[in-house]
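Below is one structure, written out as structure tokens, with a few remarks after it.
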Amino acid sequence: MSASMNDQDLRPTRLVCSLKLLEHFIEEYFDQNPISQLGVIVTKNKRAEKITELGGNPRRHISAVQKLKERTCQGEPSLQNSLELAMQTLRHMPSHASREVVCIFGSLTTCDPGDILETVKLMSVNNIRCSMVGLAAEVHICKRLCTDTNGQYTVILDEGHFKDLLNQHTSPPPAQNNTESSLIRMGFPHHQLGGEKDKPAMCMCHLDSKTVEGFSTTGYFCPQCKSKYCELPVECKACGLTLVSAPHLARSYHHLFPLDQSIEMSSADFDPGQNIYCYGCQIKIRDPTVYRCRRCNNLFCIDCDIFVHETLHSCPGCACSRKTQTSEAVFI
1 MSASMNDQDL RPTRLVCSLK LLEHFIEEYF DQNPISQLGV IVTKNKRAEK ITELGGNPRR
61 HISAVQKLKE RTCQGEPSLQ NSLELAMQTL RHMPSHASRE VVCIFGSLTT CDPGDILETV
121 KLMSVNNIRC SMVGLAAEVH ICKRLCTDTN GQYTVILDEG HFKDLLNQHT SPPPAQNNTE
181 SSLIRMGFPH HQLGGEKDKP AMCMCHLDSK TVEGFSTTGY FCPQCKSKYC ELPVECKACG
241 LTLVSAPHLA RSYHHLFPLD QSIEMSSADF DPGQNIYCYG CQIKIRDPTV YRCRRCNNLF
301 CIDCDIFVHE TLHSCPGCAC SRKTQTSEAV FI
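In this text, residue positions in the sequence shown follow the UniProt record's numbering: the first is 1, and each later residue adds one.
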């Protein structure tokens, strides 16, 4: 929100373009990470301000981002104040959680009250990964921050490139083998349809709404306190229990534990008269390259290998093998 966000190299201005793409980023982020949390911080006039607290409600974050269009951009940003404000919350997150900061930086300068290198060191000590998307040119301190915290530093070319770079941060990094594990309390409510004798009630999501949306007899009821919600995932406002569905957990799981890359083989490695069929589509593989799963050793064509890794996130050969299923169950 510094004065540099008023520049018009992005239409109509950097601020309006950034906020529009940020709304799309929030929607995509929670679609890919339904049980994750997110918060928004802005900086201007050498100060940092927390717009939304860390939470899992995308509507609240998008509403707050839309209101930023009414604010004025002025002064210089303070990267150090912004990082320290983010660190105050992230440092208390459990060790099994991924702690990340993604910064959209439009200025070529930062006005800080102290030694920002000490702040960078603290971010690294607290295992907070910092990535930046620059709207102008590469800045040395931004590059240093991303390098020391194992983040990514990129600079945009145009609006389309801006959107692509931002969407790269929707998927979390794979979980490390030495990550500490802990149990998390979660509720799995079923969608209940009200009977003729049930009276309509307002769901907890729309208590502050001035419309009649959310006023019905149907919804998801918290298994612990029986509060009603119209959609999942959500954190129960009454008892604090995280309410999700099984697909939400599965969608988050495949990002943290991605499928191993297949072994690339040449068709010349097989006997000349041997017919090679893809395990996925059952079509004879005529391409010179064949892909073999590292666990079940089944062969796939390039199209099925791309589909398995980018869409399905699960090998059909491993899923059909009883031995692989048993080992996966023990691992989980």
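In this text, a Cβ means the ideal position worked out from N, Cα and C, and glycines have one as well. The model shown is predicted, which means the values in this text are computed figures rather than measured ones.
Of all the options the options, which has the alpha carbon lying nearest to the alpha carbon of residue i?
| i | options | result |
| --- | --- | --- |
| Thr147 | Met123, Val40 and Ile156 | Met123 |
| Thr89 | Met202, Leu241, Cys278 and Ile41 | Ile41 |
| Phe300 | Arg47, Lys226, Ile283 and Cys278 | Cys278 |
| Glu138 | Ile116, Leu85 and Phe105 | Phe105 |
| Thr218 | Ile302, Leu207 and Ala201 | Ala201 |
| Arg129 | Asn150, Lys284 and Arg144 | Asn150 |
| Phe188 | Lys163, Cys222 and Arg71 | Cys222 |
| Ser95 | Leu183, Ile283 and Ala250 | Leu183 |
| Ile263 | Leu249, Ile283 and His309 | His309 |
| His254 | Lys226, Leu312 and Met265 | Leu312 |
| Pro173 | Cys17, Ser252 and Asn45 | Ser252 |
Less than 7 angstroms separating the beta-carbons of residue i and residue j?
| i | j | result |
| --- | --- | --- |
| Met204 | Tyr229 | yes |
| Ser314 | Pro288 | no |
| Val234 | Leu243 | yes |
| Phe30 | Pro58 | yes |
| Ile51 | Glu23 | no |
| Leu15 | Cys73 | yes |
| Gln80 | Ser171 | no |
| Cys293 | Ser321 | no |
| Glu76 | Ser2 | yes |
| Ser4 | Thr43 | no |
| Leu166 | Leu21 | yes |
| Ile156 | Leu135 | yes |
Could you check where the beta strand (DSSP E) with residue i kicks off and where it finishes?
| i | result |
| --- | --- |
| Arg71 | Careful: Arg71 lies outside any beta strand (DSSP E) and carries neither H nor E. |
| Lys284 | Careful: Lys284 lies outside any beta strand (DSSP E) and carries neither H nor E. |
| Cys54 | Residue identity differs from the one stated: residue 54 is Leu in this sequence, not Cys. Taken as a continuous stretch (DSSP letters only), the beta strand (DSSP E) holding Leu54 covers Arg47 to Gly55. |
| residue 376 | With the chain running from 1 to 332 in the structure shown, residue 376 is simply not present. |
| Ser131 | Ile128 to Gly134 |
| Glu100 | Arg99 to Phe105 |
On the three-state DSSP scale, how would you describe residue i?
| i | result |
| --- | --- |
| Cys146 | helix |
| Ser327 | For Ser327, the pLDDT reaches just 41, beneath the cut-off of 50, and the residue's location in the model is therefore unreliable, although a value from the coordinates is still provided. In this structure, Ser327 counts as helix in the three-state DSSP scheme. |
| Ser277 | The question names Ser, but residue 277 in the sequence shown is Tyr. Looking at Tyr277 - three-state DSSP - the assignment turns out to be strand. |
| Met265 | strand |
| Ile332 | For Ile332, the pLDDT reaches just 34, beneath the cut-off of 50, and the residue's location in the model is therefore unreliable, leaving the point undetermined. |
| Arg251 | helix |
| Cys222 | coil |
| Val155 | strand |
| Thr289 | strand |
| residue 336 | Here the chain comprises residues numbered 1 to 332, so residue 336 is not present and cannot be evaluated. |
| Ile62 | helix |
| Ile141 | helix |
| Met5 | helix |
| Glu231 | coil |
Please report the distance separating the alpha-carbon of residue i from that of residue j.
| i | j | result |
| --- | --- | --- |
| Leu259 | Gln152 | 22 angstroms |
| Gly317 | Gly55 | 38 angstroms |
| Ala238 | Glu53 | 18 angstroms |
| Ala319 | Ser82 | 45 angstroms |
| Glu49 | Gln224 | 35 angstroms |
| residue 336 | Leu19 | Beyond the ends of the chain as shown, which are 1 and 332, falls residue 336; an answer cannot be given. |
| Val133 | Gln66 | 20 angstroms |
| Ile302 | Pro247 | 27 angstroms |
| Ile276 | Asp305 | 15 angstroms |
| Pro34 | Pro113 | 37 angstroms |
| Gln261 | Gly160 | 29 angstroms |
| Gly273 | Lys284 | 13 angstroms |
| Cys111 | Asp7 | 19 angstroms |
How far does the alpha helix (DSSP H) with residue i in it extend, from its first residue to its last?
| i | result |
| --- | --- |
| Met123 | Ile116 to Val125 |
| Glu27 | Arg14 to Gln32 |
| Met204 | Here Met204 belongs to no alpha helix (DSSP H), and DSSP marks it neither H nor E. |
| Leu165 | Glu159 to Asn167 |
| Gly317 | Pro316 to Cys320 |
| Ile302 | Ile302 to Phe307 |
| Leu90 | Leu79 to Leu90 |
Answer yes or no: does any C-beta atom of chain D fall closer than 7 angstroms to that of residue i?
| i | result |
| --- | --- |
| Arg71 | Among the protein chains of the structure shown there is no chain D, as only one such chain exists. |
Tell me whether residue i counts as near the ligand ZN, meaning its Cβ is closer than 6 angstroms to at least one heavy atom of that ligand.
| i | result |
| --- | --- |
| Glu138 | With respect to small molecules bound, the structure shown includes none, and the ligand ZN cannot be examined in it. |
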